[in-house]
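Report on one structure; see the data block that follows.
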Amino acid sequence: MTNASLRPLHQRNFALVWSAALVSNIGSWMQTVAVGVFVTDVTHQAKWTGLVAAAAFVPIGFLSPVGGAMADRVDRRRWMLLTTVGETIFAALLALLVGLHVAGPGGVTVLVFLGGCMTAVGIPAYQAMLPDLVAKDDLLAAISLTSAQFNFGRVVGPALAGVVIALGSYTLAFALNAASFFAVIVALLFVRLPPRHADGDTSGLWARIKQGARTARREPGCRMAIFLIGVTAFLLSPFIALVPAVALKLFDNEKTGTAILITAQGIGAVAGALALAPLAARYGRRRVLVVNLFVLPGLLALYAATPTLWLAAVALFAVGAGYIGVLSGLMTVVQLRAPNATRGRVLSLFMVSLGTVYPIGAVVQGALGDQIGLRATTIGCAAVFFVLFAALVLRAPHLVAALDDPPAADGPITPPDETSTAAAPVA
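Residue numbering for the sequence shown follows our numbering, starting at 2 and increasing by one per position.
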């Protein structure tokens, strides 16, 4: 851990939001695991397990642009407060109805879907708020730390869920998730952000969404980042969804093997996130991103070719570090290059590109893996990505150059000294 990696945590606003998001993320992963086990236990049907997982994920694909438009139109902190309260309500209802034994798999799926809708419309506000929580030079480190806390929660949350479920209480797992949202609510009440002036735009919601799409299309760095995250989501990201299949079909060790591989990837992501900021400070942010884009497919091919579970875990540790370098790097491009007035909408398109293409890629690669084998599928997709990106670098270097920092005048506003606005909570 270096000072550059942890510097955002020395800034009060970011430290408050990051810590609260960590608590909430652990709770969310607890609920994700507990919901899957609950519907499987009740129905003994794998289709319900897949359906309830999709219910939480699908809203990101079609509601993120709405959240982005709202994040650019209203106060982002207040909008995030509102959506977090909505998440709290649906999580609490889930705990209550399951505890009273009146919620079947259908009702649970509906509540998970509604909670997912609140998450989808709230995420763009959270992302658009990040440049206002830290100085511009610390933005990559802040995004990396956000990725680190997500992956830390991805390791800790399921482990805690396993303990709670072993004690025989799905309700407790759901209730703890509902309680975890209060950490975010309290943190947001104490955060002060630079004032945002109204842009005077009175156009409707759909018109504002289209305006965000036009901005993303015209800004070369944003356009390239959104394109690359879409290609990454289709060709590389499905390794995450296929971990259980790899553990079962390649290593004949589904439960323990899945836990080992997921933990290795999560720890690797945390390590990569902490290393990213100092590497970018030394070698340049774009150079580190380009190297990660070249290295990641090679690491995935190595992971797919490993003959033993423990060697696969070592390879997946490296994959986790490289993958976080790609996601954080591309997200930073959008954060730095999108105009403040439309940042929420452009970021929502980044989430749509990731959130809609990833499940399609997972389904395609899963089906392909059944036909030609998981090893051949992963190695083949990694090779296609490497060739495509190499061709882009060689044939259109100006497009890759657009991933660099914008001119200083176009960057996000550096937040004011927090000591002057940190005295009391905001109503």
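Each residue gets a CB set at the ideal place from its N, CA and C atoms; glycine is no exception.
Which whole-angstrom value describes the C-beta separation of residue 1 and residue 174, a residue pair presumed to lie in contact below a C-beta threshold of 8 Å?
Any property of residue 1 remains undetermined from this structure, which presents the chain solely from 2 to 428.
- Compute the beta-carbon to beta-carbon distance between residue 62 and residue 356, rounded to the nearest angstrom, for a pair I have assumed lies under 8 Å. Against the sequence shown, residue 62 aligns to sequence position 61. Against the sequence shown, residue 356 aligns to sequence position 355. The pair is a contact, with the Cβ atoms about 5 Å apart (cut-off 8 Å).
Helix, strand or coil for residue 138 per DSSP?
Position 137 of the sequence shown, counting from 1, holds the residue named residue 138. Looking at residue 138 - three-state DSSP - the assignment turns out to be helix.
Decide if the stretch 269-285 is in contact with the stretch 324-333; the criterion is three or more beta carbon pairs, one per stretch, under 8 Å apart.
-> Contact holds: three or more Cβ-Cβ distances are below 8 Å.
Between the beta-carbon of residue 286 and the beta-carbon of residue 222, is there less than 8 Å? Along the sequence shown, one-based indexing puts residue 286 at 285. Along the sequence shown, one-based indexing puts residue 222 at 221. The answer is no: Cβ separation not under 8 Å.
Item to check | Other residues of its chain near residue 38: CB distance less than 7 Å, five sequence neighbours each side excluded | outcome: Counting from one through the sequence shown, the residue named residue 38 turns up at place 37. The residues are 166.
>> Determine whether the beta carbon atoms of residue 394 and residue 401 lie at a separation below 8 Å.
In response: Looking up residue 394 in the sequence shown gives position 393. Looking up residue 401 in the sequence shown gives position 400. At a Cβ-Cβ threshold of 8 Å, residue 394 and residue 401 count as neighbours.
Is it buried or exposed, residue 361, if we count other Cβ atoms within 10 angstroms and call 16 or more buried?
Walking along the sequence shown from the start, residue 361 turns up at place 360. Residue 361 is exposed by the Cβ-count criterion.
If I follow the unbroken alpha helix (DSSP H) through residue 76, where does it start and stop?
In the sequence shown, counting from the first residue as 1, residue 76 sits at position 75. Segment: none, residue 76 is in no alpha helix (DSSP H) and carries neither H nor E.
Using 8 Å as the threshold, is the C-beta distance between residue 339 and residue 216 below it?
For the purposes of this step, residue 339 is taken as residue 338 along the sequence shown, with counting starting at 1. For the purposes of this step, residue 216 is taken as residue 215 along the sequence shown, with counting starting at 1. Yes. Within cutoff.
ask   = Would a C-beta distance cut-off of 8 Å place residue 9 and residue 185 closer than the cut-off?
value = In the sequence shown, counting from the first residue as 1, residue 9 sits at position 8. In the sequence shown, counting from the first residue as 1, residue 185 sits at position 184. Not closer than 8 Å, so no.
- Return helix, strand or coil for residue 254, following the three-state DSSP convention. For the purposes of this step, residue 254 is taken as residue 253 along the sequence shown, with counting starting at 1. If DSSP states are grouped into helix, strand and coil, residue 254 belongs with coil.
Ordered along the chain, which non-local residues of its own chain (more than five positions away) have a Cβ less than 6 Å from that of residue 430? One cannot answer for residue 430 here, as it falls past the ends of the chain, which runs 2 to 428.
Using a 10 Å radius around the Cβ and a threshold of 16 neighbouring Cβ atoms, would you call residue 207 buried or exposed?
In the sequence shown, counting from the first residue as 1, residue 207 sits at position 206. Exposed, by the Cβ-count rule.
Report task. Just mark residue 244 as buried or exposed, buried being the case when its beta carbon has 16 or more other beta carbons within 10 Å. Result -> As a working note, residue 244 is residue 243 in the sequence shown. So residue 244 ends up on the buried side.
So, do the stretch 100-109 and the stretch 295-306 have three or more beta carbon pairs nearer to each other than 8 Å? Flag = no, the stretch 100-109 and the stretch 295-306 do not touch.
What does the alpha-carbon distance come out to for the pair residue 6 and residue 376?
Position 5 of the sequence shown holds residue 6. Position 375 of the sequence shown holds residue 376. Straight-line Cα distance between these residues: approximately 35 Å.
Exercise. Select from 265, 106, 406 and 69 the residue whose C-alpha is nearest the C-alpha of residue 45.
Key: Within the sequence shown, residue 45 is the residue found at index 44, counting from 1. That would be 106, whose Cα lies nearest to the Cα of residue 45.
**Q.** Inter-stretch contact (C-beta, 8 Å, three-pair minimum) for the stretch 341-357 and the stretch 309-323
**A.** In the pairwise beta carbon analysis, the stretch 341-357 is classified as not touching the stretch 309-323: fewer than three pairs are separated by under 8 Å.
Practice item. Name the two residues that bound the continuous alpha helix (DSSP H) containing residue 336. Key: Counting from 1 along the sequence shown, the entry for residue 336 is found at position 335. Segment 310-338, the alpha helix (DSSP H) holding residue 336.
*Expected contact under 8 Å - CB spacing of residue 301 and residue 390 to nearest Å*: The residue labelled residue 301 in the question sits at position 300 within the sequence shown. The residue labelled residue 390 in the question sits at position 389 within the sequence shown. Their Cβ separation, rounded to whole angstroms, is 13 Å, which puts residue 301 and residue 390 out of contact at 8 Å.
Check your understanding: Is residue 373 buried or exposed, if buried means 16 or more other CB atoms sit within 10 Å of its CB?
Key -> As a position in the sequence shown, residue 373 is number 372, starting the count at 1. Its Cβ having fewer than 16 others within 10 Å, residue 373 is exposed.
Find the nearest neighbour of residue 161 within the set 143, 28, 220 and 124, judged by alpha-carbon distance.
-> Within the sequence shown, residue 161 is the residue found at index 160, counting from 1. Comparing Cα positions, the closest option is 28.
Notebook entry, point to check: Which value, in whole angstroms, describes the spacing of the CA atoms of residue 205 and residue 251?
Noted result: Counting from 1 along the sequence shown, the entry for residue 205 is found at position 204. Counting from 1 along the sequence shown, the entry for residue 251 is found at position 250. Taking the straight line from one Cα to the other gives about 52 Å.
- So is residue 397 buried or exposed if we call it buried at 16+ other beta carbons inside 10 Å? Your numbering for residue 397 matches position 396 in the sequence shown. Counting the other Cβ atoms within 10 Å of the Cβ of residue 397 gives fewer than 16, which makes it exposed.
Notebook entry, point to check: Starting from residue 366 and walking both ways along the alpha helix (DSSP H), at which residues does that stretch end?
Noted result: In the sequence shown, the residue the question calls residue 366 occupies position 365. Unbroken alpha helix (DSSP H) run through residue 366: 344-373.
Which of the three DSSP states, helix, strand or coil, is assigned to residue 307?
As a position in the sequence shown, residue 307 is number 306, starting the count at 1. It is coil, neither helix nor strand.
- Message: If you reduce the DSSP assignment to three classes, tell me which class residue 193 lands in.
- Response: As a working mapping, residue 193 is identified with position 192 in the sequence shown. In this structure, residue 193 counts as coil in the three-state DSSP scheme.
With residue 387 and residue 298 assumed to form a contact (beta carbons below 8 Å), what rounded beta-carbon distance in angstroms separates them? Reading the sequence shown from its first residue, position 386 is the one you call residue 387. Reading the sequence shown from its first residue, position 297 is the one you call residue 298. 4 Å between Cβ atoms; contact.
Item checked: As assigned by DSSP and simplified to three states, the class of residue 170 -> Translated into the one-based positions of the sequence shown, residue 170 becomes position 169. Looking at residue 170 - three-state DSSP - the assignment turns out to be coil, as it is neither helix nor strand.
Q. Ordered along the chain, which non-local residues of its own chain (more than five positions away) have a Cβ less than 7 Å from that of residue 230?
A. Sequence index remark: in the sequence shown, residue 230 carries index 229 (1-based). These residues qualify, in order along the chain: 331, 351, 354 and 355.
| DSSP state of residue 88, grouped into three classes? | On the sequence shown, residue 88 is found 87 positions in, with the first residue counted as 1. Three-state DSSP puts residue 88 in a helix.
- Task: Find the nearest neighbour of residue 138 within the set 293, 371 and 333, judged by alpha-carbon distance.
- Result: Against the sequence shown, residue 138 aligns to sequence position 137. For the residues 293, 371 and 333, the minimum Cα distance to residue 138 belongs to 333.
I believe residue 213 touches residue 343 by the beta-carbon criterion, under 8 Å. Please report the beta-carbon distance rounded to the nearest angstrom.
Position 212 of the sequence shown, counting from 1, holds the residue named residue 213. Position 342 of the sequence shown, counting from 1, holds the residue named residue 343. About 5 Å; that satisfies the 8 Å criterion.
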